[in-house]
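For the protein sequence lines, the chains are A and B, in the order given. In the working numbering, each residue carries its 1-based index in the first sequence increased by 1. In the working numbering, each residue carries its 1-based index in the second sequence increased by 1. Positions of the beta carbon are idealized from the N, C-alpha and C atoms, including for glycine. This structure is a prediction, so every number in the text was calculated from the model and none was measured.
Protein chains: 2
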Amino acid sequence: MWSAYKKEKLEKYEWAKKEAKVDDEIIPILDKLNEKENFVTLSSCSGRIAVIDLKNFGVKIDSEFIGKWHRNVEFLEVLECVKRCKRQGWLIHYPPIIHVACKDLQSAKSLMRIANEAGFRRSGLISLENLVVEISSLERLELPVAIEGKKIVDDDYLRIAVDLANKKLESGKKKLKRFEELMPFL
Amino acid sequence: MWSAYKKEKLEKYEWAKKEAKVDDEIIPILDKLNEKENFVTLSSCSGRIAVIDLKNFGVKIDSEFIGKWHRNVEFLEVLECVKRCKRQGWLIHYPPIIHVACKDLQSAKSLMRIANEAGFRRSGLISLENLVVEISSLERLELPVAIEGKKIVDDDYLRIAVDLANKKLESGKKKLKRFEELMPFL
Chain A
2 MWSAYKKEKL EKYEWAKKEA KVDDEIIPIL DKLNEKENFV TLSSCSGRIA
52 VIDLKNFGVK IDSEFIGKWH RNVEFLEVLE CVKRCKRQGW LIHYPPIIHV
102 ACKDLQSAKS LMRIANEAGF RRSGLISLEN LVVEISSLER LELPVAIEGK
152 KIVDDDYLRI AVDLANKKLE SGKKKLKRFE ELMPFL
Chain B
2 MWSAYKKEKL EKYEWAKKEA KVDDEIIPIL DKLNEKENFV TLSSCSGRIA
52 VIDLKNFGVK IDSEFIGKWH RNVEFLEVLE CVKRCKRQGW LIHYPPIIHV
102 ACKDLQSAKS LMRIANEAGF RRSGLISLEN LVVEISSLER LELPVAIEGK
152 KIVDDDYLRI AVDLANKKLE SGKKKLKRFE ELMPFL
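Pasting the structure below:
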């Protein structure tokens with residue numbers, strides 16, 4: 002049953018990789034996880050910075066990504082996106098996230114242990130049906146940049162926020178690196 | 002073994018309640034959870050807004066809470082705290098969080114189901130030793146307010162940020178309410 006489940010998920014992963022739907026930076030980690038008998042990766046993000054335009058926070062319906070980057074961003078490209086917000090605009094940094102299905106509880110436990118050691122302090126089993134571990138951390142930046150389509154941040158402040166978002170993104174990537182280094186202990 | 006573990010944790014909870022170390026608003030939920038045979042609460046927060054002064058994000062050592070509230074805040078009290086930041090200051094809204102130990106996996110599963118239904122989409126088993134479920138959500142606000150002890154937000158922007166932090170806090174409390182209403186299904 003596990004092998005059939007893993008085979009199916011692995012095919013989806015290979016397809017996503019071929020379609021360039023997986024962040025390049027995270028592929029070596031996902032490949033290494035998938036090579037291990039007891040794990041298969043489901044979805045992932047190496048961390049990102051985004052400008053989102055939405056009706057109201059918490060209301061996902063109608064929300065629109067004005068900009069989305071998996072790399073460090075420049076002040077000017079973010080400013081450009083902020084100006085294009087028509088409703089409530091937010092600048093957000095999301096830490097890396099990886100969803101991994103595990104064959105058994107023991108495997109889930111080892112995975113959570115090395116994830117925590119790597120600095121992903123927000124790791125846990127989010128589904129007990131398929132034993133899915135979510136590997137993540139708390140490092141966020143989440144601030145309003147526009148209200149009713151009007152820019153509310155001045156350039157100096159936005160520069161600082163962009164700089165901190167970049168630093169948080171780099172910090173997430175360092176955690177991914179540490180996680181990769183710890184994988185032999187899995 | 003479970004009953005001894007639960008007894009010990011319950012005593013800690015009763016002590017914390019007596020010492021007023023538990024948020025009033027969350028007590029009815031914790032009491033209801035603790036009344037059920039298969040659960041015991043470990044720690045909790047009903048959601049809060051804080052101004053933190055730190056050396057650098059990610060560096061918890063040396064970080065200092067300048068202000069911390071479990072209720073809606075006023076612009077002026079936040080401004081006062083921002084001005085007192087000596088290093089890197091952040092205004093943060095943290096969503097509610099509850100840690101609950103469960104007797105068995107089946108109980109953990111039911112708890113995660115109603116937590117998710119209540120809107121706590123970041124719920125999962127964070128320890129497989131004691132089957133600890135973390136009930137939480139993603140709703141955050143996290144923005145820099147001072148750099149090297151210098152205020153970097155103007156009053157208009159800070160007013161908006163405070164208003165949104167209050168709204169997020171209220172949204173968290175609504176989720177707690179929904180969670181409480183769903184508890185008979187546990």
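Coarse secondary structure for residue i, derived from DSSP in three states
{"i": "VAL133/A", "result": "strand"}
{"i": "ILE193/A", "result": "For residue 193/A there is no data in the structure shown, the boundaries of chain A being 2 and 187."}
{"i": "ARG122/B", "result": "coil"}
{"i": "MET2/B", "result": "coil"}
{"i": "SER172/A", "result": "helix"}
{"i": "LEU139/B", "result": "coil"}
{"i": "LEU183/B", "result": "helix"}
Run of the beta strand (DSSP E) containing residue i, from where it starts to where it stops
{"i": "ALA147/B", "result": "142-148"}
{"i": "SER128/B", "result": "125-128"}
Cβ-Cβ separation, residue j to residue i (assumed contact under 8 Å), whole Å
{"i": "LEU144/A", "j": "ALA162/A", "result": "6 Å"}
{"i": "LEU129/B", "j": "ALA109/A", "result": "7 Å"}
{"i": "LEU165/A", "j": "PHE58/B", "result": "7 Å"}
{"i": "ILE93/B", "j": "ILE136/B", "result": "About 19 Å; that fails the 8 Å criterion."}
{"i": "VAL101/A", "j": "LYS152/A", "result": "About 40 Å; that fails the 8 Å criterion."}
{"i": "GLY1/A", "j": "LYS176/A", "result": "The displayed coordinates of chain A run from 2 to 187. Any statement about residue 1/A would go beyond what the structure contains."}
{"i": "TYR6/A", "j": "ASN35/A", "result": "Their Cβ separation, rounded to whole angstroms, is 13 Å, which puts TYR6/A and ASN35/A out of contact at 8 Å."}
{"i": "PHE40/A", "j": "CYS86/A", "result": "With 8 Å as the limit, PHE40/A and CYS86/A do not qualify as a contact, their Cβ atoms being about 40 Å apart."}
{"i": "LYS19/A", "j": "LEU43/A", "result": "With 8 Å as the limit, LYS19/A and LEU43/A do not qualify as a contact, their Cβ atoms being about 17 Å apart."}
{"i": "LEU159/B", "j": "PHE76/B", "result": "7 Å"}
{"i": "GLY68/B", "j": "GLU78/B", "result": "7 Å"}
{"i": "LEU55/A", "j": "ARG88/A", "result": "6 Å"}
{"i": "ASP155/A", "j": "ASP155/B", "result": "7 Å"}
{"i": "LEU1/A", "j": "ILE115/A", "result": "Lying before the first or after the last residue shown, residue 1/A is absent from chain A, which here runs from 2 to 187."}
Run of the alpha helix (DSSP H) containing residue i, from where it starts to where it stops
{"i": "SER108/A", "result": "106-118"}
The ligand SAM heavy atom lying under 7 Å from the CB of residue i
{"i": "SER64/A", "result": "Only the bare structure without any ligand can be found here, which leaves the ligand SAM out of the picture."}
ask   = Whole alpha helix (DSSP H) runs in the segment 20-104 of chain B with 4 or more residues, listed along the chain?
value = The alpha helix (DSSP H) runs lying completely inside the segment 20-104 of chain B and spanning 4 residues or more are 28-36, 76-85, given in chain order.
Notebook entry, point to check: On the three-pair Cβ rule with 8 Å, is the segment 37-49 of chain B touching the segment 158-175 of chain B?
Noted result: Flag = yes, the segment 37-49 of chain B and the segment 158-175 of chain B touch.
*Inter-stretch contact at 8 Å, needing at least 3 Cβ pairs: the segment 116-134 of chain B / the segment 68-79 of chain B*: No: fewer than three Cβ pairs fall under 8 Å.
Legend entry - Inter-stretch contact at 8 Å, needing at least 3 Cβ pairs: the segment 144-159 of chain B / the segment 172-183 of chain A: Contact between the segment 144-159 of chain B and the segment 172-183 of chain A is absent, because fewer than three Cβ pairs lie under 8 Å.
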